[in-house]
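Below you'll find the structure, written out as structure tokens, and then a few comments.
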Amino acid sequence: MITEIDTGTNELLCVIRDRVAIITLNRPEVRNAMSDNLTPALRNMIKASGENPDVGALLITGAGTAFCAGGNVKGMGAHRDKTKLEMSYDEKVADLQERQRLLTGALVSVRKPTIAALPGPAVGAGLALAMACDIRIAAESAFVSTGYLRVALSGDYGIAWLLTRLVGTSRARELMFTGDKVEAKRAETIGLVNRVVPDAKLQEEAFALAKSMAEGPTLALRYMKDNLDEALLFDFATARDHEAERLVRLTTTADHREAVQAFIDKRRPVFKGN
Numbered sequence: 000m001i002t003e004i005d006t007g008t009n010e011l012l013c014v015i016r017d018r019v020a021i022i023t024l025n026r027p028e029v030r031n032a033m034s035d036n037l038t039p040a041l042r043n044m045i046k047a048s049g050e051n052p053d054v055g056a057l058l059i060t061g062a063g064t065a066f067c068a069g070g071n072v073k074g075m076g077a078h079r080d081k082t083k084l085e086m087s088y089d090e091k092v093a094d095l096q097e098r099q100r101l102l103t104g105a106l107v108s109v110r111k112p113t114i115a116a117l118p119g120p121a122v123g124a125g126l127a128l129a130m131a132c133d134i135r136i137a138a139e140s141a142f143v144s145t146g147y148l149r150v151a152l153s154g155d156y157g158i159a160w161l162l163t164r165l166v167g168t169s170r171a172r173e174l175m176f177t178g179d180k181v182e183a184k185r186a187e188t189i190g191l192v193n194r195v196v197p198d199a200k201l202q203e204e205a206f207a208l209a210k211s212m213a214e215g216p217t218l219a220l221r222y223m224k225d226n227l228d229e230a231l232l233f234d235f236a237t238a239r240d241h242e243a244e245r246l247v248r249l250t251t252t253a254d255h256r257e258a259v260q261a262f263i264d265k266r267r268p269v270f271k272g273n
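Numbering (numbering that gives the first Met the number 0), first residue to last: 0 to 273.
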């Protein structure tokens with residue numbers, strides 16, 4: 000069953016299929032660059048999908064042959080809209096901080112598996128968006144680039160933090176300072192994407208992975224994300240103690256009992272999310 004979701008703009012499409020929210024950036028004529036219509040709609044869909052009990056996983060992708068080319072370069076600097084130009088420095092900072100919090104910040108905070116499927120380039124803020132997902136699957140013809148160097152900017156949407164945690168500090172500095180184009184295979188080698196698949200198979204394989212996670216035990220996946228996030232924040236003893244608390248909590252759930260019974264019965268478990 001497929002349910003179409005009204006995003007408020009044709010620049011963003013969303014359908015829920017088999018408990019997967021498929022969110023598609025739909026500005027293929029400009030490589031799905033962010034816009035004043037697309038970006039707010041994307042923020043809303045991330046929040047709504049994260050809170051929707053009928054959604055078990057999020058799959059974010061781009062229409063056409065790109066994932067997301069990042070910000071709208073033509074709308075930068077002196078070409079910005081009048082309202083933005085009239086903002087004070089402090090207002091501009093607060094505005095960007097809030098937009099970041101509601102986009103990549105909200106995406107990282109989603110307690111469900113999130114997958115980015117890259118049919119083509121992910122650049123600048125588009126790369127940050129992909130890296131804010133749990134898993135990235137790229138088509139063979141895709142590439143990524145930090146991109147900020149080319150417009151003499153330093154980065155936003157948490158790109159430096161996300162990049163450093165995925166590829167390490169030395170590689171992150173290289174990619175930021177050069178703005179080099181990283182082809183899909185190299186991106187996989189350095190840990191920037193999880194897997195590379197033939198272009199024609201991208202959407203099928205990304206959806207299959209998202210669907211398998213969406214059918215999984217919701218609470219266990221949520222606690223796994225908590226554990227994995229804490230691995231970056233806490234010392235080993237604290238993280239280990241929190242893992243113990245969450246696992247014991249899960250032993251009381253219906254999904255755990257169902258998983259054990261299914262193992263004994265040699266059948267596939269059917270999870271209910273409780």
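Glycine is no exception: its CB is placed at the ideal position from the N, C-alpha and C atoms.
- Restricting attention to beta strand (DSSP E) runs no shorter than 3 residues, the segment 47–95 encloses them at 56–61, ordered along the chain.
- Inclusion of Gly7 and Ala213 in the CB contact set at 8 Å is not warranted, their separation being larger than that value.
- Taking 8 Å as the upper bound for CB-CB distance, Met33 and Gly70 are in contact here, some 5 Å apart.
- Under the three-state reduction of DSSP, Val195 is assigned to strand.
- Between Ile136 and Ala205, the C-beta spacing is below 8 Å.
- Its Cα nearest to that of Asp254, the residue Leu218 stands out among Ala116, Leu218, Val166.
- The beta-bridge partner set that DSSP reports for Ala115 consists of Ile59, Arg135.
- In the DSSP assignment, Ser140 falls outside any beta strand (DSSP E), carrying neither H nor E.
- Straight-line measurement puts the Cα of Ser169 at about 35 Å from the Cα of Glu28.
- For Ile15, the uninterrupted beta strand (DSSP E) run begins and ends at 11–16, by DSSP.
- Taking a contact as a CB-CB distance under 8 Å, the pair Thr163 and Ala171 counts as one, their CB atoms being some 4 Å apart.
- Relative to the Cα of Glu187, the nearest Cα in the group Phe176, Ser140, Ala243, Ala93 belongs to Ser140.
- Along the length of the segment 169–228, whole beta strand (DSSP E) runs at least 3 residues long occupy 194–196, reported in chain order.
- Between the segment 193–208 and the segment 103–116 there are three or more C-beta pairs closer than 8 Å, enough to call the two in contact.
- Judged by DSSP in its simplified three-state form, Leu162 adopts helix.
- DSSP places Leu246 inside the alpha helix (DSSP H), whose first and last residues are 235–249.
- With contact defined as three or more Cβ pairs closer than 8 Å, the segment 37–51 and the segment 94–107 are in contact.
- By the neighbour-count criterion, in which 16 or more other beta carbons inside 10 Å mark a residue as buried, Gly215 falls on the buried side.
- Between the segment 43–57 and the segment 10–17 there are three or more C-beta pairs closer than 8 Å, enough to call the two in contact.
- Among the bridge pairs identified by DSSP, Glu3 is matched with Val14.
- When the Cα atoms are used, Val247 and Val259 turn out to be separated by approximately 15 Å.
- The alpha-carbon of Thr23 is positioned some 16 Å away from that of Thr103.
- Look at Leu148 here: in three-state DSSP terms it is helix.
- Taking every protein chain shown into account, the CB of Leu208 has 16 or more other CB atoms within 10 angstroms, so this residue is buried.
- Under DSSP, no beta-bridge partner is assigned to Val109.
- Comparing alpha-carbon positions, the option among Asn25, Glu182, Val109, Gly167 lying closest to Asp133 turns out to be Val109.
- Excluding sequence positions up to five before and after Phe270, its CB lies within less than 6 Å of the CB of Pro216, Asp254, all in the same chain and listed in chain order.
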